[in-house]
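The sequence shown: position 196 = 197 (our numbering), numbered continuously. Right, one structure below, let's go through it.
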Amino acid sequence: MDNRLVIKNIAKSFGGVKAVQDISIEVGHQQIVSIIGPNGAGKTTVFNLISGIYPVDQGSVTFLGENITNRPQHLITRAGIARTFQNIRLFKGLTVLENVMTAHDPMIRYNLLDSLLATPKKRRMDKENQQLSEYYLDLVGLSAVKDEDPFNLPYGHQRKLEIARALATYPKVLLLDEPAAGLNTVEVQDLIKLIEKIHRTLDISIVIIDHRMELIMDLSEKIYVLNFGKLLAEGTPEEIQNNDDVTKAYIGEGY
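In structure tokens form, the structure reads like this:
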């Protein structure tokens, strides 16, 4: 299987704390991979290293065969890696549709003069941006609220909006950081269906961090388990479920 994303022996320390130590992860073409582990295991740090938020101390990140280690965040996004965040980050003062359009706007190719003079090229590209953003809102089921203030939406809808905004950057790999956080059981099932739909509809690989095991086990082809910044185990959902080391890391030695 061709790998779209290869993380090889990455490490990151903050002062004397080794947040991530010698971790390697591979994400194949159109594959859904999950990263799980107890709180503080280093999961989000791995996402931050992949997406350029933190510089990598050691190791490499290769995307589509090209080394992107320590590239600026915007260049990593343009290359085809998008992400959501554990804490929802939406733009105040913009509608639902405008929030999605802001993500695609940097991908548009027009110059300052086009923008100042509102040239036909600028108007054409703005229309294309709107149509594309409306497509992604329809994909996640938010077309009916495109003109609403996103902060008036239910929490689950805000999560979907963040996913739509990430998709508007044309990713080949989508990183979802705890997309089920704060959702009830019905909303989690709805989210599982949405991720399956995105995976089925778009030519995209997905990497998920989450604590909701029903989501992880339903969606994942492969799971990586982190503990204290190290790779504890990797395998299929069935292999991870039957791994004693994983059980001990989650619920303790006594079980």
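In this text, a Cβ means the ideal position worked out from N, Cα and C, and glycines have one as well.
Asked                                                                                             : Found
Residues near LEU177 in its chain [Cβ-Cβ closer than 6 Å; skip 5 each side]                       : THR85 and ILE209
Buried or exposed by the 16-neighbour rule on C-beta atoms within 10 Å, applied to ASN68          : exposed
8 Å contact criterion, which LEU133 and ALA169 should meet: CB distance rounded                   : 6 Å
Reduced DSSP secondary structure (H/G/I, E/B, other) of LEU65                                     : coil
Sequence-distant residues of its chain with Cβ nearer than 6 Å to ASN71 (five each side left out) : PRO56 and VAL57
Local conformation of TYR225 per DSSP, three classes                                              : strand
Burial state of ASN243 (16 or more Cβ within 10 Å)                                                : exposed
Continuous alpha helix (DSSP H) stretch holding ASP191: start and end                             : 186-202
C-beta contact flag for ILE51 and VAL34 at 8 Å                                                    : no
For GLY236, the residue or residues it bridges with in DSSP                                       : ILE224
Nearest-angstrom Cα separation, counted from TYR136 out to ILE82                                  : 19 Å
Per-residue burial, LEU233 [other beta carbons within 10 Å of its own, 16 or more giving buried]  : buried
Straight-line gap, ASN10 to GLY53 (C-alpha atoms, nearest Å)                                      : 16 Å
Span of the beta strand (DSSP E), counted from its first residue to its last, around LYS9         : 4-15
Environment of GLY43 [buried if 16+ CB atoms lie within 10 Å]                                     : buried
Nearest-angstrom Cα separation, counted from VAL18 out to GLY255                                  : Only weak support is given to the placement of GLY255: the predicted model assigns it a pLDDT of 43, under 50, and the value that follows is read from those uncertain coordinates. Approximately 28 Å between the Cα atoms of the pair.
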